[in-house]
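A.B. asks: There's a structure below that I have some questions on.
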Amino acid sequence: MKVIYPGSFDPITYGHLDVLERATNMFDKVLITIAVNTRKNSVFTPEERSELIHESISGEPWFHKVEIHQFSGLLVDFAQKNNIKTLIRGVRQFSDYEYEFRMALMNRKLNKDIDTLFLMPREELTFVSGSLVREIACWKGDLSPFVPVNVAKALMDKFS
Ligand code: PNS
10 MKVIYPGSFD PITYGHLDVL ERATNMFDKV LITIAVNTRK NSVFTPEERS ELIHESISGE
70 PWFHKVEIHQ FSGLLVDFAQ KNNIKTLIRG VRQFSDYEYE FRMALMNRKL NKDIDTLFLM
130 PREELTFVSG SLVREIACWK GDLSPFVPVN VAKALMDKFS
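The sequence shown begins at 10 in my numbering and counts up by one.
Below is the structure:
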């Protein structure tokens with residue numbers, strides 16, 4: 010069975026990677042799918058985000074189960090085009106739930122066959138988010154607990 014793991018991934022963090030690995034343990038194929046055009050002021054281009062994901066996971070034993078995609082438009086349309094009915098989303102804390110429930114129900118309203126499966130990353134990663142990581146990079150903080158080395162380097166280059 011194939012699933013989609015969508016997000017901005019601007020950039021990918023250890024939290025995303027934890028969720029991605031969990032998904033590969035459950036499904037045959039996981040399409041990690043970068044949303045293009047959702048946030049106008051993203052730090053990395055979609056191509057850079059794809060490259061960072063590729064570099065971060067290419068050494069993993071589950072790499073062969075992952076495909077890296079980009080999409081613009083509605084996620085449900087991308088899912089339908091690829092004949093996939095299940096979306097994976099990571100939830101970290103209660104504050105994520107309201108937004109995630111709304112999005113899951115909206116996606117199912119748009120296409121009744123689409124379901125969203127929520128996975129929780131390891132608890133020590135629950136506070137990691139793309140926005141906090143970008144802020145730490147902006148102030149030249151230590152990124153090593155939150156993102157892989159290649160991502161930390163790319164962030165430092167962007168904010169230098
Ligand atoms: O990592 P993010 O920013 O929380 O991911 C949000 C994302 C990209 C999954 C969401 O914004 C999305 O699916 N955007 C595509 C447009 C769409 O289908 N919107 C309807 C959702 S109700």
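A virtual CB, placed ideally from N, CA and C, is assigned to each residue, including glycine.
(1) Which residues mark the beginning and the end of the alpha helix (DSSP H) in which Phe87 is found?
(2) When the Cα atoms are used, what is the spatial distance from Leu29 to Val39?
(3) Once the 5 residues before and after Leu128 are set aside, which same chain residues still bring their CB inside 7 Å of it?
(4) Can at least three beta-carbon pairs, one atom from the stretch 14-25 and one from the stretch 57-68, be found at a separation below 8 Å?
(5) Mind checking Val142: buried by the 16 CB within 10 Å criterion, or exposed?
(6) Following the continuous beta strand (DSSP E) through Ile123, name the residue where it begins and the one where it ends.
(7) Considering only C-alpha positions, which residue in the set Val85, His78, Tyr108, Asp105 is nearest to Lys118?
(8) Evaluate the contact criterion for the stretch 60-75 versus the stretch 156-167: three or more CB pairs, one atom per stretch, below 8 Å.
(9) Looking only at C-alpha atoms, which of Tyr108, Ser140, Lys90, Pro130 sits nearest to His25?
(10) For a quick check, are the C-beta atoms of Thr125 and Val12 less than 7 Å apart?
C.D. replies: Well, looking at it:
(1) Run containing Phe87: 84-90, per the alpha helix (DSSP H) assignment.
(2) Between the alpha carbons of Leu29 and Val39 lies a gap of roughly 8 Å.
(3) Contacts found: Val28, Arg31, Ala32, Ile97, Gly99.
(4) Touching, yes.
(5) Looking at its Cβ environment, which holds 16 or more other Cβ atoms inside 10 Å, Val142 is buried.
(6) From DSSP, Ile123 is part of no beta strand (DSSP E); its letter is neither H nor E.
(7) Taking only the C-alpha atoms, the option nearest Lys118 is Val85.
(8) Contact between the stretch 60-75 and the stretch 156-167 is present, because at least three Cβ pairs lie under 8 Å.
(9) It is Pro130 whose Cα lies nearest to the Cα of His25.
(10) Not a contact, by the Cβ cut-off of 7 Å.
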